[in-house]
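Comments concern the structure below.
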């Protein structure tokens, strides 16, 4: 019996290794190809060079797209984190008439195709001064990221003990002081993860941005998409690696702060909302 368990464990480890290798294979190809000095995308590379990384850092258009992504992601974070955190706290702490409706409204953008959201917002604001602005793109991104932040905070609040707040208020603390000195520190890890996720969600979003950005507000993922569609330029591989590094780094930080168990709860809540 012990030998069979050992063999089963060994086979499982081998299977996991090949699955991970399969998932990482495209990233490895992109990484290796990004150092090829050739003027077209190919594999295997003919040599090793930092040419296209230098080109990316010195090209005004790519710099602008990168800066736009950072700016829009910052705006998205400033909008979505307070909205998501406060909505989750309201749902957890208070009983009100439209509580279930709040849950549905907040989660709805997360389960709605981003293509549909992008087209709807474009049609709604096409004749207004907001069309093509940073603020409209950030607002659109905030719809999606607020939903996930709300779910993340809901998962974190499932283990939150409200008696600490009640004890603080019984000792004379005001609601504001209780919120600052008791609630926020208790949820620090989840809030930090919300900030990081809100930022990276906007930074890497492409579907809505294709409809809502202009040549002045173009983001890095949209510039990457256009480069692959119309030019197939090797610098697109560098832009891809930057997006991948941001995404992988973000997930690693989120897992460190909130853990796999909390992320699993978010997935369960999402399935229940569909």
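Numbering (the working numbering), first residue to last: 356 to 629. All C-beta atoms, glycine included, are put in the ideal place defined by N, C-alpha and C.
By the criterion of at least three beta-carbon pairs nearer than 8 Å, the stretch 429-438 is in contact with the stretch 495-504.
Given a length threshold of 4 residues, each whole run of the alpha helix (DSSP H) inside the stretch 411-454 is given here in chain order: 415-448. Closest by C-alpha distance to residue 399, out of 469, 386, 547, is 386.
Under a 10 Å Cβ-count criterion, residue 596 is classified as buried, with 16 or more other Cβ atoms of the shown protein chains found around its own Cβ. Between residue 554 and residue 432, the CB-CB gap stays under 8 Å.
Look at residue 500 here: in three-state DSSP terms it is helix. Using a Cβ distance threshold of 8 Å, residue 564 and residue 576 count as a contacting pair. For a cut-off of 8 Å, the C-beta gap from residue 448 to residue 517 is around 7 Å, short enough to register as a contact. Note on residue 440: 16 or more other CB atoms within 10 angstroms of its CB, so buried under the neighbour-count rule. For residue 521, the enclosing alpha helix (DSSP H) covers residues 518-525. Within the model, the alpha-carbon separation for residue 377 versus residue 383 is close to 10 Å. For residue 532, the enclosing alpha helix (DSSP H) has its first and last residue at 530-533. When the beta-carbon positions are compared, residue 572 and residue 473 stay at least 8 Å from each other. DSSP places residue 586 within a helical segment (H, G or I) once states are collapsed to three. Within the same chain, and ignoring the five residues on either side of residue 585 in sequence, no residue has its Cβ closer than 6 Å to its Cβ.
Our two residues, residue 582 and residue 402, have alpha carbons roughly 23 Å apart in a direct line.
For the pair residue 593 and residue 411, the CB atoms are nearer than the 8 Å cut-off. Counting the other Cβ atoms within 10 Å of the Cβ of residue 508 gives 16 or more, which makes it buried. Boundaries for residue 392: no alpha helix (DSSP H) harbours it, and the DSSP string shows neither H nor E there. Distance from residue 545 to residue 523 at the Cβ level is roughly 19 Å; contact not present, criterion being Cβ atoms closer than 8 Å. Residue 482 has its alpha-carbon roughly 37 Å from the corresponding atom of residue 547. Looking at the backbone, the Cα of residue 394 and that of residue 427 are separated by about 31 Å. In terms of CA proximity to residue 409, 391 leads the group 391, 425, 396, 477. An exposed status is given to residue 374, since fewer than 16 other beta-carbon atoms sit within 10 Å of its beta-carbon. In this structure, residue 574 sits away from residue 487, with a CB-CB distance that is not shorter than 8 Å.
DSSP places residue 464 in the helix class (H, G or I) of the three-state scheme.
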